[in-house]
Amino acid sequence: MSAAPGGPAPQRRDLLIGWGNDLRQDDGVGLAIAAAVQGWHQRQLTVLATRQLTPELAPLLAEARRVLFVDAALAPACPPPGWRLERLAADAAATAAAPPPFSHHASPCALLQLAGQLYGRTPPAWQLLVRAHRCGLGSHLTPATAALLPEALAAVRHWCGDA
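The numbering of the sequence shown is numbering that gives the first Met the number 0, which starts it at 0 and goes up by one.
Structure (structure tokens):
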């Protein structure tokens with residue numbers, strides 16, 4: 000995202016990254032939310048659905064205005080109402096454990112740290128965790144997790160409008 004010499008800098012877009020495994024029931028809730036949000040056609044929002052967070056995502060993070068990570072979480076991380084939207088602390092990215100060398104799996108904070116190290120920019124970031132009730136083999140969300148989608152999507156819509 001480089002500006003033309005003498006021209007205005009391009010406007011940064013928000014980035015939503017939903018991830019998980021859509022063949023493990025509720026572990027796919029991040030992908031389901033990303034698919035739903037993609038249908039909103041938000042002009043200033045880039046939506047990415049992926050099975051895992053990888054170092055290759057770091058340049059996208061560095062170019063984003065801000066980032067929302069969406070994933071499934073087990074009950075202790077998602078007390079009632081069953082989902083949690085929280086800002087990731089700016090210093091959490093600086094102190095995150097780096098993924099092992101040659102790893103193709105990273106945490107949101109480790110990816111933010113990598114973006115800062117490689118590209119000189121760490122955008123503000125949030126995470127939306129939605130309760131996973133079961134993560135067995137299956138390609139559909141359980142009814143209990145599917146029932147959380149309207150509220151979780153409302154939280155995403157609020158985040159999108161909270162510039």
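Backbone N, C-alpha and C define an ideal beta-carbon position, used for all residues, glycine too.
Which word fits residue i, buried or exposed, when buried means at least 16 other C-beta atoms lie within 10 angstroms of its C-beta?
{"i": "Gln43", "result": "exposed"}
{"i": "Leu59", "result": "buried"}
{"i": "His40", "result": "exposed"}
{"i": "Gly29", "result": "buried"}
{"i": "Gly119", "result": "exposed"}
{"i": "Gln112", "result": "buried"}
{"i": "Gln126", "result": "buried"}
{"i": "Gly27", "result": "buried"}
{"i": "Leu73", "result": "exposed"}
{"i": "Pro107", "result": "buried"}
{"i": "Ala146", "result": "exposed"}
{"i": "Ala114", "result": "buried"}
DSSP on residue i, reduced to helix/strand/coil?
{"i": "Leu127", "result": "strand"}
{"i": "Gly137", "result": "strand"}
{"i": "Trp39", "result": "coil"}
{"i": "Gly17", "result": "strand"}
{"i": "Leu73", "result": "coil"}
{"i": "Gly27", "result": "helix"}
{"i": "Leu147", "result": "coil"}
{"i": "Leu67", "result": "strand"}
{"i": "Pro78", "result": "coil"}
{"i": "Pro122", "result": "coil"}
{"i": "Arg169", "result": "In this structure the chain extends from 0 to 162, so residue 169 is not present and cannot be described."}
{"i": "Leu152", "result": "helix"}
{"i": "His157", "result": "helix"}
Among residues of its own chain, excluding the 5 on either side of residue i, which ones have a beta-carbon nearer than 7 Å to its beta-carbon?
{"i": "Asp25", "result": "Ala71, Ala131, His132, Arg133, Cys134, Leu140, Thr141, Thr144"}
{"i": "Glu150", "result": "Pro80, Trp82"}
{"i": "Arg64", "result": "Arg11, Arg12, Asp13, Pro122"}
{"i": "Ala35", "result": "Leu152"}
{"i": "Gly17", "result": "Gly29, Leu30, Ile32, Ala33, Ala48, Val69"}
In terms of residues, what are the limits of the beta strand (DSSP E) holding residue i?
{"i": "Glu85", "result": "82-86"}
{"i": "Thr45", "result": "44-49"}
Apart from the five residues just before and just after residue i, which ones in its own chain have a Cβ nearer than 6 Å to its Cβ?
{"i": "Cys77", "result": "Arg83, Leu128, Arg130"}
{"i": "Pro100", "result": "Note that Pro100 scores a pLDDT of 48, beneath 50, so its modelled location is shaky; the value from the coordinates is reported in the next line. Excluding sequence neighbours, Pro100 sits near nothing in its chain."}
Could you pull the start and end residues of the alpha helix (DSSP H) that residue i belongs to?
{"i": "Pro107", "result": "107-118"}
{"i": "Pro58", "result": "57-62"}
For residue i, which residues of its own chain have a beta-carbon under 8 Å away from its beta-carbon, when the five flanking residues on both sides are left out?
{"i": "Arg23", "result": "Cys134, Gly135, Leu136, Gly137"}
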